[in-house]
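Engineer: So for the sequence shown, the numbering used here puts the first residue at 450; every next one is plus one. The C-beta atom is built at its ideal place from N, Cα and C for all residues, glycine as well.
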Amino acid sequence: MFVDLTRPERDDFLSQTTGCLIPGYTGHCPTLKFRIGKRYGANTQEIMKDLSDRGVLKRHVADQYRQADPLQAMLTNGQFSVIEHAKGQTRDLKIDSSNRCRRYILGYTGYIPGMHFRYGTSFRRAADASVDD
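Right, dumping it as structure tokens:
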């Protein structure tokens, strides 16, 4: 049996801003395991409070951000230095036929019926390997 709400009752219910619950919502948050029965915001607030009580959030200090940055070696006086290209480094790889890869079928995982425990290779390579065995 469903009892319809009147317009003032509906407006009063939907105008709640704090502590409101969604009818039928059980408090399940897919990414928060073992935290059931509270709203997502209440769970998040509780997690942040737990982290700050443990001191986890205090470990990350803003001035220590990226101190061991690998790009620091490339910077000189706060500016990027020019990287010299070696000869042939900028050649067009589309033209060079030796660098072309073989065509693959998208979505094919390499499964071949009848060849158990042989995945990720082409049929020819799997057949050659089975003959060698």
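Helix, strand or coil for leucine 500 per DSSP?
Structural biologist: Three-state result, leucine 500: helix.
Engineer: Rounded to whole angstroms, what's the CA-CA distance from threonine 455 to serine 464? Just pull it up for me.
Structural biologist: Distance between the alpha carbons of threonine 455 and serine 464 is about 14 Å.
Engineer: Rounded to a whole number of angstroms, what is the C-alpha to C-alpha distance between phenylalanine 483 and asparagine 492?
Structural biologist: About 11 Å.
Engineer: Helix, strand or coil for valine 580, going by three-state DSSP, please let me know.
Structural biologist: Residue state, collapsed to three classes: helix.
Engineer: May I ask you to report which of helix, strand or coil DSSP gives glycine 490?
Structural biologist: If DSSP states are grouped into helix, strand and coil, glycine 490 belongs with the helices.
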